[in-house]
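Protein chains: 2
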Amino acid sequence: MQKKSLSLGKVYGLLEPGPVILLTTASRGRANVMTQSWHTMIDFEPPLVGLVVSDRNYSYAALKSTKECVINIPTADIAKEVVGCGNLSGQKVDKFKRFHLTREDASMVQAPLIQECFASFECRVVDTKLAAKYGFFVVEVVKAWMDPSVKNPETLHHRGKGVFMVAGKSIRLPSKML
Amino acid sequence: MQKKSLSLGKVYGLLEPGPVILLTTASRGRANVMTQSWHTMIDFEPPLVGLVVSDRNYSYAALKSTKECVINIPTADIAKEVVGCGNLSGQKVDKFKRFHLTREDASMVQAPLIQECFASFECRVVDTKLAAKYGFFVVEVVKAWMDPSVKNPETLHHRGKGVFMVAGKSIRLPSKML
C-alpha cells in the first residue's frame with residue numbers, strides 16, 4: 001500500500017464503520033501487533049479514539065508504559081493474517097515475522113505502521129482513568145496515513161468466533177450529519 | 179420484527195461489527211431516539227458497552243438522569259428513518275411520530291424498544307466517570323432481544339456525511355477468538 005498523509009479530520013470516517021484493526025505497539029525495541037475490534041470514536045478533531053486493551057493482552061503493558069500505538073486498518077485480502085494475529089500472544093511469537101507483515105517507521109511514535117494495511121493512524125494515549133478497571137484507553141490520533149487509491153475498502157467486521165462480515169456496497173442519503 | 183429473548187453472551191457478536199444504532203431514552207414520560215455510531219464493547223458477559231453521547235445531544239440529560247437506555251439495531255430497509263433521526267433534535271420533534279417508528283415496552287427499563295429494529299438491548303448506566311469530559315457512558319446490557327429469523331442483518335455502517343456501508347457477505351476462518 002502506498003500511503004500518503006491524510007487530514008486528521010477524515011479519520012472518523014474510517015473508524016466509525018467499526019472495522020477490525022491491527023493495533024501495533026513497541027516497547028524496548030520490540031514491536032507487537034494485536035487484532036482488535038473494541039474501539040470507538042470519541043471526538044472528531046483532533047480525533048480521539050477509545051480502545052479496549054485488556055490486561056490479559058500482551059499489548060497492555062507496552063501501551064501503558066510507552067503511551068503510544070498505531071491503529072492500522074486491514075482489508076479482507078489479509079484476513080488470514082488478521083485471525084492469526086488474534087490467535088497468538090506476542091509474548092511468545094514475533095507476529096510480524098510469523099505472518100509476513102511489514103513494519104514501516106512511523107513519524108511521531110515508536111510503534112510501527114503495517115505496510116499491508118491501507119490506513120494507519122499514529123496515536124498517543126491521553127487518558128488512562130478507566131484503564132485499570134476496563135482496559136479502556138483514550139488515545140489521540142496525532143498523524144494519519146492512507147493509500148488514496150483505496151476507495152471502498154473491503155474492511156473486516158467481526159461477528160465473533162472467526163466469522164467476519166466483509167464491507168459491502170455504499171449508499172448515500174441526504175444528511176446534515178458529520 | 180418478532181423479537182425473542184437473546185442470551186446476554188451473544189450481544190457482543192451484534193455490536194462488535196460496528197453498526198449504526200438507534201439509542202432510545204425516556205424521561206418524564208417522553209421518549210426520544212438518537213442515531214449513534216460511536217460505541218464499543220467493553221466486556222463480554224455481563225455485556226458492558228461504551229457509548230458516546232455528547233452534552234450537545236438532547237439524549238444526554240435523559241441518559242444522565244434516568245441512567246437507562248435501549249440500544250436498537252436498524253437495517254438498511256429503514257435507512258431513511260435512521261438518517262432522519264440523526265438530522266433532527268428530540269427537543270423540537272417527536273421522532274417516533276415523525277418517522278413512524280413503533281415503541282414497544284421494555285421489560286427492565288423505561289426507555290422503549292423500537293419495533294422496526296431486529297435487535298434491542300435494554301441497558302443501565304454503570305459508570306459516568308468520563309461522561310462530563312467526553313460524553314462517554316459505560317452501560318450494562320441487562321436484557322437482550324432479537325428476531326431469530328434475521329441471519330445476516332444488512333446493518334448500516336456510517337462512513338460520514340450520510341454515506342453508509344451496508345453489511346456485505348460473511349466469511350468464516352478457523353479461529354480461537356471469542
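If you read the sequences in order, they're chains A and B. Using my numbering, the first residue of the first sequence is number 1, and each one after it goes up by one. Using my numbering, the first residue of the second sequence is number 179, and each one after it goes up by one. Just so you know, even glycine gets a beta-carbon here, dropped at the ideal spot from N, CA and C.
{"Asked": "Going along chain B in order, which residues have a C-beta closer than 7 Å to the C-beta of residue 40 of chain A?", "Found": "216, 217, 218, 228, 230"}
{"Asked": "Distance check for residue 216 of chain B and residue 23 of chain A, CA to CA, integer angstroms please.", "Found": "19 Å"}
{"Asked": "Within 8 Å, do at least three Cβ pairs link the stretch 113-125 of chain A to the stretch 63-75 of chain A?", "Found": "yes"}
{"Asked": "Less than 8 Å separating the beta-carbons of residue 231 of chain B and residue 273 of chain B?", "Found": "no"}
{"Asked": "Round the Cβ separation of residue 116 of chain A and residue 78 of chain A to the nearest angstrom and send it over; I've been treating them as touching at under 8 Å.", "Found": "5 Å"}
{"Asked": "Whether or not the stretch 308-319 of chain B and the stretch 338-356 of chain B are in contact is what I'm after, with contact meaning three or more pairs of Cβ atoms, one per stretch, closer than 8 Å; do they touch?", "Found": "no"}
{"Asked": "Could you tell me if residue 180 of chain B is buried or exposed, where buried requires 16 or more neighbouring beta carbons within 10 angstroms of its beta carbon?", "Found": "exposed"}
{"Asked": "Since residue 140 of chain A sits in a beta bridge, which residues does DSSP pair it with?", "Found": "A/48, A/124"}
{"Asked": "Among B/324, B/290, B/283, B/220, whose alpha-carbon lies nearest the alpha-carbon of residue 314 of chain B?", "Found": "B/220"}
{"Asked": "Would residue 182 of chain B pass as an interface residue toward chain A - the criterion being a Cβ-Cβ separation below 8 Å?", "Found": "no"}
{"Asked": "Would you mind telling me which residues of chain A sit closer than 9 Å to residue 314 of chain B, beta carbon to beta carbon, in chain order?", "Found": "40, 42, 50, 130, 136, 138"}
{"Asked": "Strictly by DSSP, which residues pair up with residue 31 of chain A?", "Found": "A/26"}
{"Asked": "What span of residues does the alpha helix (DSSP H) with residue 276 of chain B cover, start to end?", "Found": "273-276"}
{"Asked": "Output needed in chain order: residues of the stretch 147-173 of chain A with a Cβ under 7 Å from some Cβ in chain B.", "Found": "157, 158, 159, 160, 161, 162, 163, 164, 165, 166, 167, 168, 169, 170, 171, 172, 173"}
{"Asked": "Considering just the uninterrupted stretch of the beta strand (DSSP E) at residue 181 of chain A, what are its terminal residues?", "Found": "Chain A is shown only over 1 to 178; residue 181 of chain A falls outside these bounds and no answer can be derived."}
{"Asked": "Of the choices A/9, A/62, A/6, A/48, whose alpha-carbon is the least far from that of residue 31 of chain A?", "Found": "A/62"}
{"Asked": "Confirm, please, whether the CB-CB distance from residue 18 of chain A to residue 338 of chain B is below 8 Å.", "Found": "no"}
{"Asked": "Whole-angstrom Cβ separation of residue 307 of chain B and residue 129 of chain A, contact assumed at under 8 Å?", "Found": "6 Å"}
{"Asked": "Please list the terminal residues of the continuous alpha helix (DSSP H) segment that includes residue 69 of chain A.", "Found": "Segment 68-73 is the beta strand (DSSP E) holding residue 69 of chain A; no alpha helix (DSSP H) there."}
{"Asked": "Looking at C-alpha atoms only, which residue of B/305, B/225, B/184, B/266 is the closest neighbour of residue 242 of chain B?", "Found": "B/305"}
{"Asked": "Using a threshold of 8 Å, state whether the C-beta atoms of residue 346 of chain B and residue 166 of chain A are closer than that.", "Found": "yes"}
{"Asked": "Is any beta-carbon of chain A found at less than 8 Å from that of residue 282 of chain B?", "Found": "no"}
{"Asked": "Using beta carbons (cut-off 8 Å, strictly below), is residue 34 of chain A in contact with chain B?", "Found": "no"}
{"Asked": "For residue 190 of chain B, which residues in chain A fall below 7 Å Cβ to Cβ?", "Found": "160"}
{"Asked": "Name the chain A residues that come within less than 7 Å of residue 195 of chain B, Cβ to Cβ?", "Found": "18, 157, 158, 159, 165"}
{"Asked": "Once you ignore the five residues that flank residue 222 of chain B on each side, which residues in its own chain have a CB closer than 8 Å to its CB?", "Found": "187, 190, 356"}
{"Asked": "Anything in chain A within Cβ reach of residue 353 of chain B, meaning under 8 Å, just list it in chain order.", "Found": "83, 86, 87, 161, 162"}
{"Asked": "Is the CB of residue 79 of chain A under 8 Å away from at least one CB in chain B?", "Found": "yes"}
{"Asked": "Note down, in chain order, every chain B residue with its Cβ under 9 Å from the Cβ of residue 8 of chain A.", "Found": "By Cβ distance, chain B contributes nothing, its closest Cβ being about 13 Å from residue 8 of chain A, past 9 Å."}
{"Asked": "When DSSP labels each residue in this structure, what does residue 4 of chain A get in the three-state scheme?", "Found": "strand"}
{"Asked": "Establish whether the CB of residue 279 of chain B and some CB of chain A are separated by less than 8 Å.", "Found": "no"}
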